[in-house]
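K.L.:
Residue numbers (this note's numbering), protein chains in the order written: chain A, 1 to 390; chain B, 1 to 211.
Don't be surprised by glycine CBs; every beta carbon is placed ideally from N, CA and C.
Dumping the structure here so I can ask a few things about it.
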Amino acid sequence: MSALAELPPKNFEVMPKLDHAGEPMGELLEVSMGPHHPSTHGVFRMDVVLDGEEVVKLKPVFGYLHRNHEKIGENISYLSSMPYTDRLDYFCSMTNNWAYALTIERLAGLAVPERAEYIRVIMAELTRLQNHTCLIGFFVQDMGALGTPMMYAFREREKILDLFEAVSGARMMCNYMRFGGVRVDVDDAWLAQAKKVTDEYGKFLDEFETFLSANEILLARTQGVGVIPRELAINASITGPMLRAAGVDYDLRKVDKYGIYGRFEFKVPLGEHSDIYDRYMVRVLEMRESIKILQQALAAIPAGPFMDPKAKLRGFRPKPGEVYGRVEGPKGELGFYIISDGSPNPYRYRVRPPSFINLTILEDMCLGHKVADAVVILGSVDIVLGEVDR
Amino acid sequence: METLEQIKTRLEKELPMTQLDIVANDCPAGERSLLVAAPSALAVARFLRDDSQLKLDYCSNVTGIDWPQATIKTKVKKKVAVGGVEKEIEEIVETLRSGHLEVVYHLYSMALKHGPVVLRMRTENRTGHTHLPSLTPLWRGAELQEREVFDLYGVIFDGHPDLRRILMWDGFAGFPMRRDYVSPDDFEYEPTPHDEVLEQARKHYPTEVKA
């Protein structure tokens, strides 16, 4: 079998539908959706070709927020990149920090104290909660539920951002983790507040689900829309809730067991139909599992140091070598690939952004659907342009 | 999972014409990688994907690295007999590294939950011969990432279905992630009509790429 036979159809010519006499029934309409469009979640553009209301071709256009994050990372020291990682996926700065810190720790062989590992898990799961909540708010808004669900989502997100602010000083750009630990310790009052937020979250989710999960409009708009076949999802390197909605059991918290995830008891929710509704449901269930992890972590967090005393922040020069580290971010596999040449700056600093790669098969998902569905499909991918364009 | 040596032995048995090397990695936590000659890369990648023991069905990360021409200094310990007494001295050996671009693939298996196998390919040089075979026909996930490597490093992937610039705009000259890229003084897309800015930009723009 030749290699070219497997190529996906790209840059194909599209023609309007023909009537029984072989004449074209109308004209195609080319619409440039974005970059300034509220449903594109930032500055993202889709060149859509429409036959009536049906999408017959769709090309994503990137780069409006490109700032060459990787080049910046190669020109500054290892530690200086930490605040820049906050700006990748600005909803989940904590998991971005963790992914970067984890990679450098593997590169330099640093150990992380027990307490810091627990704090990291708590931060990552809180991040997952607020990211998934907001995403659901956003994408319900994309379907026309203007304001209300998003306001509920943001109300809950505020509580978590307050926790982040209390510990790191910033609500979104936390810059909290360090190589070999975390920047500041959490106190008992903070832990008590985190426990309160966690315990109340389940009730909020019940309430949220009452409004949404069996909502007639939501069901009509999401079931059977934007289906990715399981094989294609694997082949196209889809990760995160999108992959698990396709029924693939691949969660890095279970596969790699990075940090201390091996100690917690939680399940990996899987979808069955791989449509938008499954992606929504997988996220809701994932939040419920996150609450379980949080409760276990908050109950078991030990006292002790929060930073490896041997870790050096200034003048940090890891030995030459290369390493690829990855974590399960709320959007998918977030990886960092670092090559060190022994100097204070990395020789190569690469980010593997999950939402960028999840967009690979956006066209395949949208073809044949209405243009209004394309908006919802894009919403279900969960993109943040700070990460897509880097 | 098999070790890299076992994979290499099996590959050499299966595909006798291939050139394979194992690239060392000084970092203890990192993985060593498999350097594949460009002509056989597609066959090797297909074997890695379809082999029942490996099943590397998930191409996680694709990225480029720029290695300009450089002299590498390495310290070598040498035993020399000085006046009948054997002495160990350190000698600095200089080797010339020819400039090339490198593309790295991190392959995992979702079916068997193992990995990674790191695959590398190198171009001949940095100016004229920057062609490499595209692995997008095997893994769709490499599609946008290979476009990004093309955009930022200038590696031309033969067999890629849609090789265009992705993060930079169409018509942009130069490859920003290369080590010798000089960023222009004027970051406007079209040089602004002010004369001195235009002149300054013109002075700065020629980013000659050395082999």
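Please report whether the beta-carbon of residue 355(A) lies at a distance below 8 Å from any beta-carbon of chain B.
P.N.:
No, because no Cβ of chain B sits closer than 8 Å to the Cβ of residue 355(A).
K.L.:
For residue 14(B), collect the residues of the same chain with a Cβ closer than 8 Å to its Cβ; drop the 5 residues on either side in sequence, then sort them by chain order.
P.N.:
Taken in chain order, the residues that qualify are 47.
K.L.:
Going by Cα to Cα distance, which pick from 216(A), 136(A), 348(A), 189(A) is closest to residue 241(A)?
P.N.:
Among 216(A), 136(A), 348(A), 189(A), the Cα nearest to that of residue 241(A) is on 136(A).
K.L.:
Got a sec, what are the start and stop residues for the beta strand (DSSP E) residue 210(A) sits in?
P.N.:
Unbroken run through residue 210(A) is the alpha helix (DSSP H), 188 to 212; no beta strand (DSSP E).
K.L.:
Taking residue 337(A) and residue 317(A) to be in contact with their CB atoms under 8 Å, please state how far apart those CB atoms are, rounded to whole angstroms.
P.N.:
Going by Cβ atoms, the distance from residue 337(A) to residue 317(A) rounds to 19 Å, so no, they are not a contact pair.
K.L.:
Looking only at its own chain, which residues have a Cβ that is under 6 Å from the Cβ of residue 131(B), when we skip the five neighbours before and after it?
P.N.:
Within the same chain, residue 131(B) has close Cβ partners 156, 158.
K.L.:
What is the DSSP secondary structure of residue 120(A), counted as helix, strand or coil?
P.N.:
In this structure, residue 120(A) counts as helix in the three-state DSSP scheme.
K.L.:
Considering only residues of the same chain and omitting the five flanking positions on each side of residue 75(A), which have a CB-CB separation below 7 Å?
P.N.:
Answer for residue 75(A): 345, listed in chain order.
K.L.:
Can you tell me which of 8(B), 25(B), 1(B) puts its alpha carbon nearest to the alpha carbon of residue 323(A)?
P.N.:
The shortest C-alpha separation from residue 323(A) is found at 25(B).
K.L.:
Under three-state DSSP, which class holds residue 366(A)?
P.N.:
In this structure, residue 366(A) counts as helix in the three-state DSSP scheme.
K.L.:
Enumerated in chain order, which unbroken segments of the alpha helix (DSSP H) with a length of 4 residues or greater are wholly contained in the region 69 to 157 of chain B?
P.N.:
Taking only runs of at least 4 residues, the alpha helix (DSSP H) segments lying wholly in the region 69 to 157 of chain B are 142 to 153.
K.L.:
For residue 43(B) and residue 382(A), what's the separation of their Cα atoms in angstroms?
P.N.:
Rounded to whole angstroms, residue 43(B) to residue 382(A) spans 35 Å at the Cα level.
K.L.:
Which residue from 50(B), 84(B), 105(B) puts its Cα closest to that of residue 65(B)?
P.N.:
If we check each option's Cα against that of residue 65(B), 105(B) comes out closest.
K.L.:
Per DSSP, residue 58(A) is paired with what?
P.N.:
Bridge partners of residue 58(A): 48(A).
K.L.:
Near residue 160(B), which residues of its chain fall below 7 Å by C-beta distance, leaving aside the five closest residues on each side in sequence?
P.N.:
Cβ neighbours of residue 160(B) beyond the five flanking positions: 134, 136, 146.
K.L.:
For residue 248(A), go through chain B and note every residue whose CB falls closer than 7 Å to its CB, in chain order.
P.N.:
The answer, in chain order, is 110.
K.L.:
Would you mind giving the Cβ-Cβ distance between residue 90(A) and residue 72(A), rounded to the nearest angstrom? I have them listed as a contact below 8 Å.
P.N.:
That pair is no contact at about 16 Å.
K.L.:
Counting only C-beta atoms, is residue 131(B) closer than 8 Å to chain A at any point?
P.N.:
Residue 131(B) does not count as touching chain A.
K.L.:
Please determine whether the Cβ atom of residue 208(A) lies at a distance below 7 Å from any heavy atom of the ligand SAH.
P.N.:
The model depicted lacks the ligand SAH and carries no ligand whatsoever.
K.L.:
In three-state DSSP terms, what is residue 377(A)?
P.N.:
Reduced to three states, the DSSP call for residue 377(A) is helix.
K.L.:
Starting from residue 58(B), find everything on chain A with Cβ-Cβ shorter than 9 Å and list it in chain order.
P.N.:
What residue 58(B) touches in chain A: 234, 235, 237, 239, 250.
K.L.:
Using a Cβ cut-off of 8 Å (strictly closer), state whether residue 7(A) contacts chain B.
P.N.:
Its pLDDT being 45, under 50, residue 7(A) is placed unreliably in this model, and the value from its coordinates should be taken loosely. It does: the Cβ of residue 7(A) has a partner Cβ on chain B nearer than 8 Å.
K.L.:
So, for residue 166(A): in the same chain, excluding its five sequence neighbours on each side, which residues have a beta-carbon less than 7 Å away from its beta-carbon?
P.N.:
Excluding positions up to five away in sequence, the list reads 190.
K.L.:
Does DSSP put residue 247(A) in a helix, in a strand, or in coil?
P.N.:
It is coil, neither helix nor strand.
K.L.:
Within the same chain, show all residues whose beta-carbon is closer than 6 Å to that of residue 348(A), passing over the 5 residues directly before and after it, in chain order.
P.N.:
Contacts found: 339.
K.L.:
Use the C-beta contact count for residue 331(A): other C-beta atoms within 10 angstroms, 16 or more gives buried, fewer gives exposed.
P.N.:
Flag for residue 331(A) reads buried.
K.L.:
Contact criterion: CB-CB distance below 8 Å. Does residue 176(B) meet it with respect to chain A?
P.N.:
Residue 176(B) counts as touching chain A.
K.L.:
Could you give the distance in angstroms between the alpha-carbon of residue 276(A) and the alpha-carbon of residue 226(A)?
P.N.:
Each residue's alpha carbon lies about 6 Å from the other.
K.L.:
Of all the CB atoms in chain B, is at least one closer than 8 Å to the CB of residue 96(A)?
P.N.:
No, because no Cβ of chain B sits closer than 8 Å to the Cβ of residue 96(A).
K.L.:
So for residue 328(A), helix, strand or coil by DSSP?
P.N.:
Strand, per DSSP.
K.L.:
I need the straight-line Cα distance from residue 296(A) to residue 264(A), nearest angstrom please.
P.N.:
Taking the straight line joining both Cα atoms gives about 7 Å.
K.L.:
Output needed in chain order: residues of the region 60 to 93 of chain A with a Cβ under 8 Å from some Cβ in chain E.
P.N.:
The chain labelled as chain E is not found among the protein chains of the depicted structure, namely A and B.
K.L.:
So, does the CB of residue 322(A) fall closer than 8 Å to a CB anywhere in chain B?
P.N.:
Chain B, which has a Cβ nearer than 8 Å to the Cβ of residue 322(A), makes this yes.
K.L.:
Tell me whether residue 350(A) sits in a helix, a strand or coil according to DSSP, three-state version.
P.N.:
DSSP places residue 350(A) in strand when its eight states are reduced to three.
K.L.:
Under 8 Å between the Cβ atoms of residue 252(A) and residue 333(A)?
P.N.:
It is a contact, given that the beta carbons lie within the stated cut-off.
K.L.:
8 Å is my cut-off, CB to CB: does residue 314(A) come that close to chain B?
P.N.:
So no, residue 314(A) is outside the interface.
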